[in-house]
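S.K.: This is the structure I have questions about; it appears just below.
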């Protein structure tokens, strides 16, 4: 494990060595849980064990839930049964399920053996859901009340149960079998008079998601309706958990990172860059690089095929990087605009025709401007008007086509079920390299009258 | 304005034509505010005006705040003074300030003239903050109580003020001059006994941001501490507003979109792709394309310089796209990994040395693998071992250097205050095109013994 340095680590280490535990307690008291987790992760194994002993028992489950999986496992193995039970029972159910997905069957058995029945059942439910679905994302830690009680009774139920619930700004109204009837906020509760019945203050017109819904869809719902939490139900309308907005922030960031990596022809890397072993990163990178290298066989063969043209007009070679480079740049611009539009949901399939029209016009506009510049560039360098015309018109043509392909490729890929993010990177530039060579030499053959 | 089609638009249009207003009311009652806003945006001006008349007055400010700026302005101009005042006074202060930033001075004067004093002062405070700062992002709509009252008194204050506050899951404890002393949640309030004093239940160890903080920093704080809302204070510790997590979701998405666009050499486009006029998109794209085109002058000149080598071994030409393409691909991978790592905060400057080491090793590994393949490719195509060796070793060298430059460029740019996102796109590939030509021909000169 590569360790991030933490500004407090050396100081804490010194205090530990001198046995000044109460000073450490004072320092830790001033920190927030995520900061304590960061600090722990920058220390050595034995140091972590010592610090964990000092942290008050009631504060530790929260700190523990901010630790990376590898540190959680490290710490669990050193704890007494009592403390282990305390942490496992108190940590947020969704974080706990994530932990269980990372550990060995042996450790799993050991941990389950110390946990309370309810928490055990909870873990077993949560880990069964497929990754990246609403079910896998949700927590079972939410507040619920029956429908036919008064506001006063509901308040008293919440007083008794709220301490254990992290999320009670929404309270869900359910039948005995967990059928979801409605929802109200803590604010509604405070505003209502105590004798009112819950069904009078609850909202039965609410947004929910299904256990099997993809996390990207769930994120879209959160963004559209500006929500703090969403109930997750099964096909019978029974509530199984809720998803909170802080988990959605992570989903959005993770999905965007995946798209960035795909755009750069890197396979999905699950963990942080510096935390991922060298060999894994190398493997995630080499596949696409090799594939693209092989694809360049086509451009090599094409240039070989056109070598007669190069032999008669050597100057044609000089402009190859400029042509294929500009095609790649213009195509990447279009592909990125459309890919991102599809990802954020602002562009829909039914707008394909509108986008095609737009990208063709854009291609022609950009092509003409760059083509004129290319013409001048080649003309003044070689004072050969026909060569200038060849460069200029190829450039115009290549840019037009690149813009069009770049705009259409993501829509096409998305339609056939491939993530469009791969379209806005090396995959596209390789295609455009080949396209631009063909166009260039065909134009050159015509304008310069070259024959095989 | 280009209109998105809405599945209900034709049906609503028909009902409007037939004058069946009560049926429209029933349909709208079943929809959530963001959906009603979407529906309105798919209708024509006169139709919107008619529908707005039907929507109950108390529901409209929320729907209004979900409309795009252009539709808000359209609707405002058709309203009676009473309704105008109602909407302007009731809409969330941050959304209202956004609206005021978009309208003409004349309209601004007209709107201010109908607004209440408090709301008028509010707008004037909010619009003064620089774009993309915490001040510009915050809302002034938050709940506050003085410190020396009881829980019962606080509850009664909240009952009176809560109806107007959208966000009251956190309540801020302030002095008369708005100095922020602490914070407690609605949950804390419900759990506390009624006779307790607020200072006993409040938390005086809380996270806050400054008015001038950049919105990206604010987003980082939200992500790290899993918050729902954050107080915004001035340098004296006085609270001016709060930022809520739903606005942060928008910030994250917008910043990522900007990064995607920068990576593709497109200047920041503020609005959605299809909503941005053609000429604006063209302008945002052409600048970089022209600059990059001019940069290719270097590669053109280089190839001209090396044309003696091409004349003796024409086959060298065939591999130019493969070499520069592979360099671009490997470099883009590194640049994207590092750029994204910097953006999400997982990579820090102090790790530069660690990253350099890693990217050099990665470059050598990828270079050797691809170099071997390149050697075989060239050898079997031309059965010339020296040409094969030239291609193979140039490829290995070029990939190594590209990976290193790609990894270091974002860190360097970030250090000198340029957004590293521009490094992972056409800017880098153009540099690498030039680098790879130089390396290639130098290697060829050495191995093939070519002299000028």
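Protein chains in written order, with this note's numbering: chain H, 1 to 452; chain A, 453 to 904.
Quick reminder that beta carbons are idealized off the backbone N, C-alpha and C, glycines included.
Below 8 angstroms between beta carbons is the criterion; list the residues of the region 772-803 of chain A that meet it against any residue of chain H, in chain order.
M.R.: Answer set for the region 772-803 of chain A: 772, 773, 774, 776, 777, 778, 780, 781, 782, 784, 785, 787, 788, 789, 790, 791, 792, 793, 796, 798, 799, 800, 802 and 803.
S.K.: What's the call for residue 548 of chain A, buried or exposed, on a 16-neighbour Cβ count within 10 Å?
M.R.: Here residue 548 of chain A refers to the residue found at position 96 of the second chain. When all chains shown are included, residue 548 of chain A counts as buried.
S.K.: Does any heavy atom of the ligand MG sit closer than 8 angstroms to the C-beta of residue 812 of chain A?
M.R.: Judged by which ligands are present, the structure shown has none, so any question about the ligand MG falls away.
S.K.: Closer than 8 angstroms by beta-carbon distance: list the chain H residues that pair up with residue 813 of chain A, in chain order.
M.R.: Within the second chain, numbered from 1, the residue matching residue 813 of chain A stands at position 361. Within 8 angstroms Cβ-Cβ: 278.
S.K.: Tell me which residue opens and which closes the alpha helix (DSSP H) that residue 231 of chain H is part of.
M.R.: As a position in the first chain, residue 231 of chain H is number 231, starting the count at 1. Element bounds for residue 231 of chain H: not the alpha helix (DSSP H) but the beta strand (DSSP E), 229-233.
S.K.: With C-beta atoms as the reference, is residue 230 of chain H less than 9 angstroms away from residue 209 of chain H?
M.R.: Here residue 230 of chain H refers to the residue found at position 230 of the first chain. Here residue 209 of chain H refers to the residue found at position 209 of the first chain. Against a cut-off of 9 angstroms, the Cβ pair of residue 209 of chain H and residue 230 of chain H comes out as a contact.
S.K.: Unbroken beta strand (DSSP E) runs of length 3 or more, entirely within the region 85-169 of chain H: which are they?
M.R.: DSSP runs (the beta strand (DSSP E)) wholly in the region 85-169 of chain H: 142-145.
S.K.: Closer than 8 angstroms, Cβ to any Cβ of chain A: which residues of the region 302-322 of chain H, in chain order?
M.R.: The region 302-322 of chain H vs chain A, Cβ under 8 angstroms: 303, 304, 307, 310, 311, 314, 315, 317, 318, 319, 320, 321 and 322.
S.K.: What does the alpha-carbon distance come out to for the pair residue 280 of chain H and residue 289 of chain H?
M.R.: Taking the first chain and counting its residues from 1, the one referred to as residue 280 of chain H is at position 280. Taking the first chain and counting its residues from 1, the one referred to as residue 289 of chain H is at position 289. Distance between the alpha carbons of residue 280 of chain H and residue 289 of chain H: 15 angstroms.
S.K.: Quick one: which chain A residues come within Cβ less than 8 angstroms of residue 364 of chain H?
M.R.: Here residue 364 of chain H corresponds to residue number 364 of the first chain, with the count starting at 1. Going along chain A, no residue has its Cβ under 8 angstroms from residue 364 of chain H, so there is no contact; the nearest lies around 10 angstroms.
S.K.: By the criterion of Cβ-Cβ separation under 8 angstroms, what are the contact partners of residue 265 of chain H in chain A?
M.R.: Here residue 265 of chain H refers to the residue found at position 265 of the first chain. Within 8 angstroms Cβ-Cβ: 781, 784 and 785.
S.K.: Buried or exposed for residue 735 of chain A, please, with buried defined as at least 16 other CB atoms from any protein chain shown within 10 angstroms of its CB.
M.R.: Sequence index remark: in the second chain, residue 735 of chain A carries index 283 (1-based). That one is exposed.
S.K.: With a CB to CB cut of under 8 angstroms and the five nearest residues on each side skipped, what residues in its chain are close to residue 148 of chain H?
M.R.: Residue 148 of chain H sits at position 148 when you count from the first residue of the first chain. Correct list, in chain order: 197, 198 and 199.
S.K.: Would you kindly work out how many angstroms separate the C-alpha atoms of residue 60 of chain H and residue 122 of chain H, rounded to a whole number?
M.R.: Mapped onto the first chain, residue 60 of chain H falls at position 60. Mapped onto the first chain, residue 122 of chain H falls at position 122. Using only the alpha carbons, I get a separation of about 21 angstroms.
S.K.: Flag this pair as yes or no: are the beta carbons of residue 120 of chain H and residue 107 of chain H separated by less than 9 angstroms?
M.R.: For the purposes of this step, residue 120 of chain H is identified with residue 120 of the first chain, where counting begins at 1. For the purposes of this step, residue 107 of chain H is identified with residue 107 of the first chain, where counting begins at 1. Result no, Cβ atoms of residue 120 of chain H and residue 107 of chain H do not sit closer than 9 angstroms.
S.K.: I'd like to know whether the C-beta atoms of residue 63 of chain H and residue 73 of chain H end up nearer to each other than 9 angstroms.
M.R.: Indexing the first chain from 1 puts residue 63 of chain H at position 63. Indexing the first chain from 1 puts residue 73 of chain H at position 73. Going by C-beta atoms, residue 63 of chain H is not nearer than 9 angstroms to residue 73 of chain H.
S.K.: Kindly list the residues whose CB is nearer than 7 angstroms to the CB of residue 259 of chain H, restricted to its own chain and excluding five residues on each side of it in sequence; keep chain order.
M.R.: By one-based count along the first chain, residue 259 of chain H stands at place 259. So the list reads 343 and 421, once near-sequence residues are dropped.
S.K.: Flag this pair as yes or no: are the beta carbons of residue 680 of chain A and residue 624 of chain A separated by less than 9 angstroms?
M.R.: Within the second chain, numbered from 1, the residue matching residue 680 of chain A stands at position 228. Within the second chain, numbered from 1, the residue matching residue 624 of chain A stands at position 172. Result no, Cβ atoms of residue 680 of chain A and residue 624 of chain A do not sit closer than 9 angstroms.
S.K.: Using 8 angstroms for Cβ pairs, my map puts residue 180 of chain H next to residue 239 of chain H. What's the rounded Cβ distance?
M.R.: If you number the first chain from 1, residue 180 of chain H lands on position 180. If you number the first chain from 1, residue 239 of chain H lands on position 239. Sure, about 4 angstroms apart at Cβ, within 8 angstroms.
S.K.: Would residue 823 of chain A pass as a contact of residue 847 of chain A if the rule is Cβ separation under 9 angstroms?
M.R.: Taking the first residue of the second chain as 1, we reach residue 823 of chain A at position 371. Taking the first residue of the second chain as 1, we reach residue 847 of chain A at position 395. Taking 9 angstroms as the Cβ cut-off, residue 823 of chain A and residue 847 of chain A qualify as a contacting pair.
S.K.: What does residue 293 of chain H touch in chain A if you count any residue whose Cβ is under 9 angstroms from its own?
M.R.: Numbered from 1 along the first chain, position 293 holds the residue referred to as residue 293 of chain H. Ordered by position in chain A, the residues that pass the 9 angstroms Cβ test against residue 293 of chain H are 774, 777, 778, 781, 822, 825, 826, 829 and 847.
S.K.: Name the chain A residues that come within less than 7 angstroms of residue 425 of chain H, Cβ to Cβ?
M.R.: Position 425 of the first chain, counted from the start, is the residue given in the question as residue 425 of chain H. 784, listed in chain order.
S.K.: Compare the C-beta of residue 433 of chain H with all C-beta atoms of chain A and state if any pair is closer than 9 angstroms.
M.R.: Stepping through the first chain from its first residue, residue 433 of chain H is reached at position 433. Chain A contact via Cβ: present.
S.K.: Going along chain H, which residues have a C-beta under 7 angstroms from residue 677 of chain A?
M.R.: Your numbering for residue 677 of chain A matches position 225 in the second chain. The answer, in chain order, is 32 and 34.
S.K.: Below 8 angstroms, how does it come out for the region 203-223 of chain H and the region 262-273 of chain H: are there three or more Cβ pairs, yes or no?
M.R.: No: fewer than three Cβ pairs fall under 8 angstroms.
S.K.: Quick one: what's residue 634 of chain A bridged to in DSSP?
M.R.: Counting from 1 along the second chain, the entry for residue 634 of chain A is found at position 182. Partner(s): A/625.
S.K.: Per DSSP, what kind of secondary structure is residue 281 of chain H in: helix, strand or coil?
M.R.: As a first step, residue 281 of chain H is located in the first chain; it is residue number 281 there, counting from the start. Looking at residue 281 of chain H - three-state DSSP - the assignment turns out to be helix.
S.K.: Taking 9 angstroms as the threshold (C-beta atoms), are residue 413 of chain H and residue 328 of chain H in contact?
M.R.: As a first step, residue 328 of chain H must be located in the first chain, where it is residue number 328. As a first step, residue 413 of chain H must be located in the first chain, where it is residue number 413. Result no, Cβ atoms of residue 328 of chain H and residue 413 of chain H do not sit closer than 9 angstroms.
S.K.: Excluding sequence positions up to five away, which residues of its chain have a Cβ less than 7 angstroms from the Cβ of residue 2 of chain H?
M.R.: As a working mapping, residue 2 of chain H is identified with position 2 in the first chain. Caution is warranted here: a pLDDT of 47 is assigned to residue 2 of chain H, below 50, making its placement in the model unreliable, and no coordinate value can be reported.
S.K.: For a cutoff of 9 angstroms on Cβ pairs, would you count residue 381 of chain H as touching chain A?
M.R.: Working through the first chain from its first residue, we reach residue 381 of chain H at position 381. Closer than 9 angstroms: yes.
S.K.: What residues from chain A crowd round residue 299 of chain H, counting only those whose CB sits closer than 7 angstroms?
M.R.: Taking the first chain and counting its residues from 1, the one referred to as residue 299 of chain H is at position 299. Within chain A, the residues near residue 299 of chain H are 773 and 774.
S.K.: What does DSSP give as the partner residues of residue 691 of chain A in its beta bridges?
M.R.: The sequence position of residue 691 of chain A within the second chain is 239, counting from 1. DSSP lists A/685 as partners of residue 691 of chain A.
S.K.: For a test of the three-state rule: what should DSSP assign to residue 209 of chain H, helix, strand or coil?
M.R.: Sequence index remark: in the first chain, residue 209 of chain H carries index 209 (1-based). DSSP places residue 209 of chain H in strand when its eight states are reduced to three.
S.K.: From the DSSP output, in three-state form, read off residue 459 of chain A for me.
M.R.: Stepping through the second chain from its first residue, residue 459 of chain A is reached at position 7. Residue 459 of chain A: coil per DSSP, three-state reduction.
S.K.: As a quick exercise: from H/6, H/271, H/23 and H/17, pick the residue whose alpha carbon is nearest that of residue 40 of chain H.
M.R.: Counting from 1 along the first chain, the entry for residue 40 of chain H is found at position 40. Closest by alpha carbon: H/6.
S.K.: Determine whether the Cβ of residue 597 of chain A lies closer than 9 angstroms to any Cβ atom of chain H.
M.R.: Here residue 597 of chain A corresponds to residue number 145 of the second chain, with the count starting at 1. Chain H, which has no Cβ nearer than 9 angstroms to the Cβ of residue 597 of chain A, makes this no.
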